[in-house]
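J.: Residue numbers (my numbering), protein chains in the order written: chain U, 1 to 74; chain Z, 1001 to 1699.
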Amino acid sequence: MKLSELHKGDRAMIKKIDSSEDLKIRLASFGVVRGSELSVEACSMGKKTMEIMVDDTLIGLRGEEAKEIEVEKL
Amino acid sequence: MDAIKIVLAGQPNVGKSMLINAMSGSNGLKVGNFSGVTVEKTELCFEHHCHMFEMVDLPGTYSISGFSQEEKVAHKYLLNEEYDVIINVLDSTHLKRNLLLTLELLKLNKKMVLALNMADEAKKENIEIDVRQIEKIIGVPVVLVSANTKEGVEELLEKVHEVADNQERIKSNITYSDVMEEEILEIETFLTQKGFALRDLSNREIALRLLFEDKDIYKELHDEPLMMELQPIILKALQHLYTHHDTKNVQEIKANEYHAIARGIHLETVRCQRNKGKKSLTKRIDEVLINKYLGIPIFLFLMWGLFQLTFTLGAIPMDWIDGAIGAFGDWVGSTISNEFMRNVIVDGIIAGVGAVLLFLPNIIILYIGIALLETTGYMSRVAFLLDGFFHKFGLHGKSFIPLVTGFGCSVPAYMAARTLKSEKDRLITLFIIGFMSCGARLPIYVLFTGAFFGADSAGNILFIIYISGAMLGLVMAKVLRVVVFKGEDEPFVMEMPKYRFPSFTLVWHTVYNNAKSYVKKAGTFILGASVLIWVLATYPNQPLLEQEYQTKIEQSAKEDAITLENELKMKKLEQSYLGKIGKASEPLFAPLGFDWKMTVALEAGLAAKEVVVSTLGVLYAIGDNVDENSNALSHELKKNISFASAMAFIVFVMIYLPCLAASMVFAKEAGGYKYLVYLFIFTTVTAWVFSFITYRILL
């Protein structure tokens, strides 16, 4: 399933990241890589942006970007 | 002994700038809790143990392989410049992520010291770090420090000395995944068998670079005959890695490897006894502040509060300053006997600069607000909340930071736009920053709202001015996005830093520095401009006109004499150089309901917005005593300017080109003077059109 389909409070593991090269590097530098565990901390209105927590780091990302991240719900 | 040149590198929000302050004992740098406060590398010198330390603070970057402006600045500097030691600053409470950058920095083969900052916070969170073990694995000295409590700062300085004096680099003991190690060994053995050596690189390092497809190493090896034999080995190795990592993207493989290493180091060296059930303070605050429904109303309320505060609280010291300047002008005037000198000093200099200093309290309050937003970490949340909204206008949530900074001053705002990675997002943001009325425009608004609205509603009107300027900016952003800058949007991925209690010193220094530069501007640029405008307004002399009126005044009754005297001043002004300039360009602004005086004030405002007020002061307060203050000026304005013209004037000021200094920075940031020409055309046309509409509606 896609990260964008998760709701506040859900936990998941990243299976695959289908983003552009540029974004992949950026995500990796935040600790968002294949195999990372994450939890969804907050969503803004209409899920335009989501706040996720990976390794104790809070990261904000856009719903559109979350669509490119394949996860497995835990 | 030569100076030791130190480069500070680290991810954003690790407290690099604050650490520099702690190390040097000075407080010159701006420190904030938002990614990208250090937008340009900052240099600083100080002495320690009879050594000069030269510090360069690089912009915080999550990685040095990325494509953002800051990452490029940092990467280029680290690769090409001469320096002795890198201090890699890490956040002790986010060690794993911070280590990812450390691993990249290690690849540079430079002398390095790790500073694990925020040791005090780590202690509070029950995080124990085995510093010696990290040293052993990474192969560079590691020091626990806290820029806050100054703990470990002395030790860090000692270590820097030690490392700088030491010729040898220690080898690191970082191990990659089994597959990776296998292939490294394969290539390393081959290189050793061939007896190959390159610069000061070990064969293991060469092997690593080859596998990670480091372009420079391939360039260097390109002409080596060895490459022929090496190629098949590398190809085989890569194939092996591809299958293992399930991707053919070497960048991704590298990221995965680094990540695994960082995770390993973290597991081995960090003990954390946090009770899992308890939610961290940051998460609990986020529950409220970025709540789906409450988030935006809270933000708007805070912004509204800030503007109310700026106006109501700021009014109190304004009265004092006003009185003080008036008294000072009187006193100075009474000591100078030469009439010409008295006029220059009292009417030109003191009145001009005084009009600028008057608004210092407002500006200080505004800066305090912005500094608080930055240092607490709320700024990033605002970007998170607003991205959905901003994205609709073709902007990025991050554009919010430069835009909000633009309410303070456009100069740092233009520089803050560097955090935007995509060129188009950055340019659009740069173009609309001017729509966010800067602190220097505030005096103009305060003057006009004070004159044309009651004191009760002035705060609200001010809020409306700011909000409508911002809204207009957003609409223009959309226009630019659709018409000029078409194409892909930049992704929104950003760290939400931990909430921190704003440190008084940090806020104070930010505010102090900004206030200082404002006053400095008042003392130099604006002083010069006021004198120039005063001269232009006074000359050429018109003895004929004066004589004519002199005789008239002598012949008339006392009441008429005053009117005649004012008339004379008016006529003199009209025929002065300034009057002529204004008159010449008046036709351009006549459709907006501006007379030549307003026209002149606007043109003077191209130099600095503060000058608009002082020019109006010189132009309108002519019939008054020397101690004309803003009350007198606003009274004059109300008498001489129609409501519609005044509103059109505000609109024009809201939109047109920022001051000279800001325009220069804009040209630099946008990448050329041609952009400044575009900006001039863009803002002037927009300002003219909207002013025209305002005037015609209200007329």
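Every residue gets a Cβ at the ideal spot worked out from N, C-alpha and C, and that includes glycine.
Everything numeric in this text was worked out from a predicted model, so none of it was measured.
Can you name, in chain order, every residue of its own chain whose Cβ lies under 6 Å from the Cβ of Ile1137/Z, other than the five neighbours on each side?
T.: For Ile1137/Z, where only same-chain residues beyond five positions count, the Cβ hits under 6 Å are Asn1173 and Ile1265.
J.: Report the CB separation of Glu1478/Z from Phe1390/Z in whole angstroms; it is logged as a contact under 8 Å.
T.: Correcting the residue identity first, residue 1478/Z is Lys in this sequence and not Glu. That belief does not hold up - the Cβ atoms of Lys1478/Z and Phe1390/Z are roughly 10 Å apart, past 8 Å.
J.: How is Val40/U classed by DSSP in three states: helix, strand or coil?
T.: Three-state DSSP puts Val40/U in a strand.
J.: Roughly how far, in whole angstroms, is the beta-carbon of Ile52/U from the beta-carbon of Ser44/U, given that I think they are within contact range, below 8 Å?
T.: Not quite, the Cβ-Cβ distance comes to about 13 Å (not below 8 Å), so this is no contact.
J.: Which residue comes first and which comes last in the alpha helix (DSSP H) that contains His1161/Z?
T.: Where His1161/Z is concerned, the enclosing alpha helix (DSSP H) stretches over Val1153 to Asp1165.
J.: Can you round the beta-carbon distance between Ser1614/Z and Ala1351/Z to whole angstroms, since I take them to be within the 8 Å contact cut?
T.: Yes, they are in contact, since the Cβ atoms of Ser1614/Z and Ala1351/Z sit about 7 Å apart, within 8 Å.
J.: For Lys2/U, which residues from the same chain have a beta carbon less than 6 Å from its beta carbon, with the 5 sequence-adjacent residues on both sides left out?
T.: Excluding residues within five positions, the ones whose Cβ falls inside 6 Å are Lys67.
J.: Terminal residues of the continuous beta strand (DSSP E) containing Leu1717/Z?
T.: Residue 1717/Z lies beyond the stretch modelled for chain Z, which goes from 1001 to 1699, so this question has no answer here.
J.: Report buried or exposed for Gln1193/Z, applying the criterion of at least 16 other Cβ atoms within 10 angstroms of its Cβ.
T.: The residue in question, Gln1193/Z, is exposed, as its Cβ has fewer than 16 Cβ neighbours within 10 Å.
J.: Do Leu1619/Z and Ala1644/Z have their CB atoms nearer than 8 Å?
T.: No, Cβ-Cβ distance for Leu1619/Z and Ala1644/Z is not below 8 Å.
J.: Output needed in chain order: residues of the segment 43 to 60 of chain U with a Cβ under 7 Å from some Cβ in chain Z.
T.: Flagged, chain order: Cys43, Ser44, Met45, Gly46, Lys48, Thr49, Glu51, Asp55, Asp56, Thr57, Leu58, Ile59 and Gly60.
J.: Can you find at least 3 beta carbon pairs, one from the segment 1316 to 1326 of chain Z and one from the segment 1355 to 1364 of chain Z, that sit closer than 8 Å?
T.: Yes, they touch.
J.: Please tell me whether Glu70/U and Lys16/U are closer than 8 Å, where the distance is taken between their beta carbons.
T.: Cβ distance < 8 Å, so Glu70/U and Lys16/U count as in contact.
J.: What residue range does the beta strand (DSSP E) around His1051/Z cover?
T.: Run containing His1051/Z: His1051 to Asp1057, per the beta strand (DSSP E) assignment.
J.: Using a Cβ-Cβ cut-off of less than 7 Å, give me the residues of the segment 1049 to 1076 of chain Z that come near chain U, in sequence order.
T.: Going along the segment 1049 to 1076 of chain Z in chain order, one finds Tyr1062, Ser1063, Ser1065, Gly1066 and Phe1067 with a Cβ nearer than 7 Å to chain U.
J.: Can you name the residues that DSSP bridges to Ile69/U?
T.: Paired residues: Ile17/U.
J.: According to DSSP, is Lys1005/Z helix, strand or coil?
T.: Three-state result, Lys1005/Z: strand.
J.: Name the chain Z residues that come within less than 8 Å of Glu41/U, Cβ to Cβ?
T.: Chain Z residues near Glu41/U: Lys1283 and Asp1286.
J.: Taking CB distances under 8 Å as the criterion, tell me whether Gly80/U reaches chain Z.
T.: An answer regarding residue 80/U cannot be provided, because it is not within the stretch 1 to 74 covered by chain U.
J.: Kindly say whether Lys15/U, judged by its beta-carbon, lies nearer than 8 Å to any beta-carbon of chain Z.
T.: Lys15/U does not count as touching chain Z.
J.: Mind reading off the beta-carbon distance from Met1023/Z to Leu1157/Z? Whole number of angstroms is fine, and I expect it under 8 Å.
T.: About 6 Å; that satisfies the 8 Å criterion.
J.: So which residues on chain U does Glu1495/Z lean against when the C-beta distance must stay under 8 Å?
T.: Under the 8 Å cutoff, chain U gives Phe30, Thr57, Leu58, Ile59 and Gly60.
J.: With the cut-off set at 8 Å, would you say His1245/Z and Glu1183/Z are in Cβ contact?
T.: For His1245/Z and Glu1183/Z, no; Cβs fall outside 8 Å.
J.: Please go through the same chain and pick out, in chain order, the residues whose beta-carbon is closer than 7 Å to the beta-carbon of Ile1349/Z, but skip the five residues on each side of it.
T.: Same-chain partners within the cutoff: Leu1527, Ser1530 and Val1531.
J.: If you measure from the beta carbon of Glu37/U to each beta carbon in chain Z, is any gap under 8 Å?
T.: Glu37/U does not count as touching chain Z.
J.: Opposite Ala1451/Z in the DSSP bridges: which residues?
T.: DSSP output for Ala1451/Z lists no bridge partner at all.
J.: Roughly how many angstroms separate the alpha carbons of Asp1286/Z and Ala12/U, rounded to a whole number?
T.: Taking the straight line from one Cα to the other gives about 20 Å.
J.: Strictly below 7 Å CB to CB, what residues from chain Z border Val33/U?
T.: Those within 7 Å of Val33/U in chain Z are Ala1255, Asn1256 and His1259.
J.: What in chain Z is Cβ-close to Glu77/U, meaning under 9 Å?
T.: Since the first and last residues shown for chain U are 1 and 74, residue 77/U lies out of range.
J.: Just verifying my parser: in three-state terms, what is the DSSP assignment at Ile25/U?
T.: It is helical.
J.: Using beta-carbon positions only, say whether Leu1008/Z and Val1089/Z come within less than 8 Å of one another.
T.: Taking 8 Å as the Cβ cut-off, Leu1008/Z and Val1089/Z qualify as a contacting pair.
J.: Compare the C-alpha of Leu1013/Z against each of Arg1500/Z, Ile1650/Z and Gly1523/Z and name the closest.
T.: The sequence as given places Asn at residue 1013/Z; Leu does not occur at that position. It is Arg1500/Z whose Cα lies nearest to the Cα of Asn1013/Z.
J.: If you count every other CB in all the chains shown that lies within 10 Å of the CB of Ser1092/Z, and 16 or more means buried, which is it?
T.: Ser1092/Z comes out buried.
J.: The alpha helix (DSSP H) with Asn1117/Z in it runs from where to where?
T.: That residue, Asn1117/Z, is in no alpha helix (DSSP H); its beta strand (DSSP E) goes Met1112 to Asn1117.
J.: Given a cut-off of 8 Å on the beta-carbon distance, is the pair Ala1119/Z and Ser1410/Z in contact?
T.: Cβ atoms of Ala1119/Z and Ser1410/Z: not closer than 8 Å.
J.: Could you tell me the distance, in whole angstroms, from the CA atom of Asp1216/Z to the CA atom of Val1140/Z?
T.: Each residue's alpha carbon lies about 24 Å from the other.
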